[in-house]
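I have placed the structure first, in the form of structure tokens, so that the comments after it can refer back to it.
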Amino acid sequence: MQSLEDELDTARQLAVADLADAIESIGFECTRCGACCTADDEDDHTATVFPDEVRDLQQAAATGDEEREWRDVARPMPYGLAESEDGDLEGETFEWALQTDGCGDCVFYEEDDAGRGSCVAHDDRPLICQTYPFSIALAGTSQPMGEAVSEEGIVRAHECEGLGRDISRDDAEELARALKERAIRELEEAIAVRDRYRPADPGPGEVVVHDSEGAKRMDGTPLED
Ligand code: SF4
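Following this line, the structure appears as structure tokens:
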């Protein structure tokens, strides 16, 4: 099995032109259906967001001079957490997911009166959103929501009604650049999480999130403060 460092070398050597060829061949145009921003029948919306992306979104979504709180933007990745007797989450987990609203949809997703969806943080949306519905087939990278439905070389496409539509070369190249950047960032993040991880042994009703910057509380503050 390849090490994360080997996978990172592979990601750094990916040719944007080859990725763009694959994206063009699969085809994609966003229909603004909102499926990648909302809960499905079984689960809340769950998309990985890096710590620096959380901070960017805190500022981007500021109202007036007031930044959003960390918890307004991100929640602990739910995998590995349990529900305490009081109904609170507890335990240790890795990485952050975009925060969800009461319906389980991403907090940045809004629909107009005609039911047409949009992202209120569009210019600052995380790499996982910029590159949906594609991923790179390398171990150690994260996969977006939805089953993988096709693969063209190292580019994987996940369930999305926009697949199969014509895409311009410029748009395919822009998407390919973001996809390569995302694969590199995900592997750098995975390596840093692995190297910094120390078991935190959280108490009852306590959640600890391990990311590339160390162990944090649910509000994003370092555990060691
Ligand atoms: S940040 Fe924007 S693009 Fe990403 S899931 Fe939320 S609403 Fe959708």
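Those letters in the sequence shown? Residues 1 to 225, by full-length UniProt numbering.
C-beta: ideal position from N, C-alpha, C; glycine also.
- Item | Rounded separation between residue 181 and residue 188 - CA only | One-based indexing of the sequence shown puts residue 181 at position 181. One-based indexing of the sequence shown puts residue 188 at position 188. Cα to Cα, the separation comes out at about 11 Å.
- Item | Pairwise C-alpha distance: residue 16 and residue 159 | As a first step, residue 159 must be located in the sequence shown, where it is residue number 159. As a first step, residue 16 must be located in the sequence shown, where it is residue number 16. Straight-line Cα distance between these residues: approximately 23 Å.
- Message: In chain order, what are the residue ranges of uninterrupted beta strand (DSSP E) at least 3 long that sit wholly in the stretch 31-104?
- Response: Correct list: 74-76, 89-94, 96-98.
- Just confirm the distance between the C-beta atoms of residue 133 and residue 157, as a whole number of angstroms; I'd bet it's less than 8 Å. As a first step, residue 133 must be located in the sequence shown, where it is residue number 133. As a first step, residue 157 must be located in the sequence shown, where it is residue number 157. Contact check for residue 133 and residue 157: beta-carbon distance about 6 Å, within the 8 Å limit, so the pair qualifies.
- Task: Starting from residue 211, follow its DSSP beta bridges and name the residues at the other end.
- Result: Here residue 211 is taken as the residue at index 211 of the sequence shown, counted from 1. 214, per the DSSP bridge assignment.
- Use the C-beta contact count for residue 51: other C-beta atoms within 10 angstroms, 16 or more gives buried, fewer gives exposed. On the sequence shown, residue 51 is found 51 positions in, with the first residue counted as 1. Buried, because 16 or more other Cβ atoms sit within 10 Å of the Cβ of residue 51.
- residue 136 by DSSP, collapsed to three states: which one? As a working mapping, residue 136 is identified with position 136 in the sequence shown. Under the three-state reduction of DSSP output, residue 136 falls in the strand class.
- Message: So for residue 4, helix, strand or coil by DSSP?
- Response: Numbered from 1 along the sequence shown, position 4 holds the residue referred to as residue 4. Three-state DSSP puts residue 4 in a helix.
- Query: What do you get for residue 83, buried or exposed, if any count of 16 or more other CB atoms within 10 angstroms of its CB means buried?
  - Reply: Translated into positions along the sequence shown, residue 83 becomes position 83. When all chains shown are included, residue 83 counts as exposed.
- Would residue 80 pass as a contact of residue 100 if the rule is Cβ separation under 8 Å? Position 80 of the sequence shown holds residue 80. Position 100 of the sequence shown holds residue 100. No, the Cβ-Cβ distance between residue 80 and residue 100 is not below 8 Å.
- Message: I'd like to confirm the pairing. Which residues does DSSP put opposite residue 117 in its beta bridges?
- Response: Position 117 of the sequence shown, counted from the first residue, corresponds to residue 117. Residue 117 pairs with 111.
- Would you please state the rounded distance, in angstroms, between the beta carbons of residue 31 and residue 161? I believe it to be under 8 Å. Counting from one through the sequence shown, the residue named residue 31 turns up at place 31. Counting from one through the sequence shown, the residue named residue 161 turns up at place 161. Contact holds; Cβ gap of about 6 Å.
- What residues match up with residue 150 in a beta bridge as DSSP calls it? Indexing the sequence shown from 1 puts residue 150 at position 150. Partner residues in the beta bridge of residue 150, as assigned by DSSP, are 157.
- Task: Taking the CB atoms as reference points, tell me whether residue 37 and residue 45 lie closer together than 8 Å.
- Result: Residue 37 sits at position 37 when you count from the first residue of the sequence shown. Residue 45 sits at position 45 when you count from the first residue of the sequence shown. Yes.
- Task: Give every residue of the same chain whose Cβ lies closer than 7 Å to the Cβ of residue 23, excluding the five residues on either side of it in the sequence, and list them in chain order.
- Result: Locating residue 23 in the sequence shown gives position 23, where the first residue counts as 1. Apart from sequence neighbours up to five positions away, the residues of its chain that approach residue 23 with a beta-carbon distance below 7 Å are 134, 155, 167, 172, 175, 176, ordered along the chain.
- Query: In this structure, does DSSP put residue 223 in helix, strand or coil?
  - Reply: The residue labelled residue 223 in the question sits at position 223 within the sequence shown. Residue 223 falls in the coil class under three-state DSSP.
- Taking all protein chains shown into account, decide if residue 58 is buried (16 or more other Cβ within 10 angstroms of its Cβ) or exposed. By 1-based counting over the sequence shown, the position of residue 58 is 58. Buried: at least 16 other Cβ atoms inside 10 Å.
- By Cβ distance below 7 Å, which residues in the same chain neighbour residue 190 in space, the five residues on each side in sequence not counted? Here residue 190 refers to the residue found at position 190 of the sequence shown. Beyond the five residues adjoining it in sequence on each side, residue 190 comes within less than 7 Å, by CB distance, of 4, 140 in the same chain, given in chain order.
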